[in-house]
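*Asks:*
In this note's numbering, the protein residues as written are 0 to 129.
Okay, here's the thing in structure tokens:
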């Protein structure tokens, strides 16, 4: 991590809660003596990041707010593929002829389309594809 990225991260944490900066520095420097050694084992490190943070919570190593933030950040998808697929599906639904659909109805149609296309792909195959 570059110094610029680290500074941006600390500024973000400072804006959320100044105590988060202390928690982050302690975590980064492994200065939290309350985390048992077993939490650095390969088995425990194989947990998802959010599960690892939830497992650390009862030891009181970090503030609950910091752990909540870490869990939330660890659950952000690493790519935009799923979002791009949703916009692609939405563009199939929101056409020039169907441009007056409300956001709620379009979202519901998008969800139905995605479920049907994954569970019954032949439903949406056109006759041209034969």
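Idealized CB from N, CA, C, for every residue including glycine.
(1) Output the boundary residues of the alpha helix (DSSP H) element that contains residue 48.
(2) Beta carbon of residue 16, beta carbon of residue 64: below 8 Å?
(3) Which of the three DSSP states, helix, strand or coil, is assigned to residue 17?
(4) Determine the direct distance from the alpha carbon of residue 95 to that of residue 1, and round the result to whole angstroms.
(5) Can you find the residues in the same chain that come closer than 8 Å, C-beta to C-beta, to residue 113, ignoring five residues on each side of it along the sequence?
(6) To the nearest angstrom, how far is it from the Cα of residue 100 to the Cα of residue 110?
(7) For residue 50, count neighbouring Cβ atoms within 10 angstroms of its own Cβ and tell me buried if that reaches 16, exposed if not.
*Replies:* On the basis of the supplied data:
(1) 48 to 55
(2) yes
(3) helix
(4) 47 Å
(5) 84, 85, 88
(6) 14 Å
(7) exposed
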